[in-house]
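Protein chains in written order, with this note's numbering: chain A, 156 to 426; chain B, 10 to 349. Each residue gets a CB set at the ideal place from its N, CA and C atoms; glycine is no exception. Fair warning: this is a prediction, and the values are worked out from it, not measured in the lab.
Take a look at the structure:
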């Protein structure tokens, strides 16, 4: 339980924002007033008005609709790549912690060398190998964030391995695989969930960065990064073009970070 | 005793360490536990009590540790060198283990019931439903009435004594032939200690299992054991019936241990303490390991490792390496034993 009322309110606010965002992403066709790719060439670069609540971009596309549809790319990339990195990283971490020291060293060396590259640079490298597009971004980001999970899971497993109840379970003759599933994994879960939330925020940023660089979502797919890229040329004429996708991005990242912090407090049995 | 339930002979364990040669926390342990016997293994911290128990269960962490020599026979079967699969079948099924601190040995994120049924499903092949019913019975058996409600509790919802009872229920769930209890009462207060000891004896009678009771607490050992083995620096220094070991201790170490127990009858006199500390396992003195702390040590003690001999019938007869020790034997490993 989160003790401080202010922190608790913040947690609920973040949860509410993310819930709305998720609902909007799922129900985008119902919520969005226009199609995200529909061009109204007569209404290009229109400021926010009653017909276009957030204005339009250089091709006369409705910015509200594009921002709503853009959340789909952001969240989809987040979910898939966090799932990839959590599964891959946890598996590597578990194997490293439970296997022989030489395999442990090898696996951790690979993970550490992945960690030593700047994230965006590594993502660019992976994407340029796999080709442009959202699927490639998901895979790239999933692999890039796996080492953080591997490190976390390995460290936690090493600690849990020496817990009395793990030994007690072995003393009951439980096979090691079963010991891992019954006693180690469930106790790891809290930490992994927290890490997922924090990593989610990072992947949203990476997706936007790659799309901004033209390596992620390809036009006309709506994506916040891509919208920012389009907005770059019209910053003076139509600042709203950059403002709304930027705000959506910033709030999403902020809320996932708040969620991660709050969850780590909630799921920590020692607090 | 040819029909000993558990027979450990000359068990030596070493740990690789930074120091050259590593350390040898067990230097040839000889121990016999008869069927249905309550056998206490007594020693100070670091003497190798728990390590011996770990070896019997086969839970020694094998890269740093290594079994150098010896044998562990259980129900006539050699355990050392047995495949892990086979050992796993013994663990929990034929050999149960109760640990020192119940709060550390129960998984905080699992309901108590889930942990008790683990062994029942694994070893006895019971269905989940059958295992739960059996688990409730087991809790009644260890003195926790209303077992069904307790099955649904988490460990933190139970008191220390209740947790230890749950641990005992887990250990005896498959009716093992041998129960190893590693300081099961150390973490409990004195009134609870008595209850748990009584429970262990009661279970022994009901289930006909032997108990290897590992402890440093002589008062507790006196209250529960039939035979007592005293371990010092990874070697048994004295072993015999409770009456003999407590009544006529042969080894100076046993004598010193007994003298250091506070007793109401010695009120007003200074409590005896053994000078010095237990040597660490990497630097065990040559000869008799106890000689630097022994008030009686002579030249021979510094040079020669004393053999474990039987003094039950007066003059020492060489006991064949810890074995053939009848229930009436009284073994001691001291050059001076039996000379007054």
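Annotated as distal: residue 240(A) and residue 319(A), with beta-carbon spacing of 8 Å or more.
For residue 287(B), no alpha helix (DSSP H) encloses it, and the DSSP letter there is neither H nor E. In this structure residue 129(B) is in contact with residue 143(B), their Cβ atoms being roughly 6 Å apart against a cut-off of 8 Å. Within chain A, the residues placing a beta-carbon under 8 Å from that of residue 114(B) are 319, 320, 322 and 323, ordered along the chain. Taking the Cα positions, residue 216(A) is about 32 Å away from residue 353(A).
Under the DSSP assignment, residue 77(B) falls in the beta strand (DSSP E) whose first and last residues are 74-83. In this structure, the CA atom of residue 308(A) is about 7 Å from the CA atom of residue 343(A). Closest option to residue 247(A), judged by alpha-carbon separation, among 396(A), 407(A) and 306(A): 306(A). The beta carbon of residue 110(B) sits closer than 8 Å to some beta carbon of chain A. Neighbourhood of residue 329(A) in chain B, by CB distance below 9 Å: 97, 100, 101, 127, 128 and 131, in chain order. Chain order gives no chain A residues near residue 171(B), where near means a beta carbon separation below 9 Å; the closest approach is about 16 Å. It is roughly 11 Å from the alpha-carbon of residue 255(B) to the alpha-carbon of residue 234(B). Residue pairing of residue 222(B) in beta bridges, as defined by DSSP: 49(B) and 190(B).
Beta bridge pairing from DSSP links residue 17(B) with 40(B) and 81(B).
Contact between the segment 307-325 of chain B and the segment 274-293 of chain B is absent: fewer than 3 CB-CB pairs across the two stretches fall below 8 Å.
Of the residues 280(A), 392(A), 265(A) and 334(A), the one whose Cα lies closest to the Cα of residue 203(A) is 392(A). Judged by DSSP in its simplified three-state form, residue 304(A) adopts helix. The segment 85-96 of chain B and the segment 42-58 of chain B do not touch, with fewer than three beta-carbon pairs separated by less than 8 Å.
Annotation for residue 295(B): no beta strand (DSSP E) segment contains it, and DSSP assigns it neither H nor E.
Within the DSSP bridge table, the entry for residue 217(A) names 211(A) as partners.
DSSP places residue 199(B) inside the alpha helix (DSSP H), whose first and last residues are 199-216. DSSP places residue 247(B) inside the beta strand (DSSP E), whose first and last residues are 244-250. With a threshold of 8 Å between beta carbons, residue 342(A) makes contact with chain B.
Segment contact: the segment 211-229 of chain B against the segment 186-198 of chain B, three or more CB-CB distances shorter than 8 Å; contact assigned.
With respect to the 8 Å criterion, residue 151(B) and residue 187(B) are not classified as neighbours on the basis of their beta carbons. The segment 159-178 of chain A makes contact with the segment 412-426 of chain A; the number of CB pairs closer than 8 Å reaches 3 or more.
Taking a beta-carbon distance threshold of 8 Å, residue 338(A) counts as an interface residue toward chain B.
Rounded to whole angstroms, the separation of the alpha carbons of residue 76(B) and residue 242(A) is 38 Å. For residue 236(B), the enclosing beta strand (DSSP E) stretches over residues 236-241. Sequence-distant partners of residue 107(B) (beyond 5 residues in either direction) whose C-beta falls short of 6 Å from its own C-beta, in its chain, are 176, 177, 180, 190 and 193.
Less than 8 Å divides the Cβ of residue 223(B) from the Cβ of residue 58(B).
Counted as a single uninterrupted DSSP element, the alpha helix (DSSP H) harbouring residue 401(A) occupies residues 395-422. Residue 224(A) sits close to residue 377(A), with the two beta carbons spaced by under 8 Å. Under the three-state reduction of DSSP, residue 257(B) is assigned to coil, being neither helix nor strand. In this structure, the beta-carbon distance from residue 395(A) to residue 269(A) does not fall below 8 Å.
For residue 326(A), the nearest beta carbon of chain B is closer than 8 Å to its own beta carbon.
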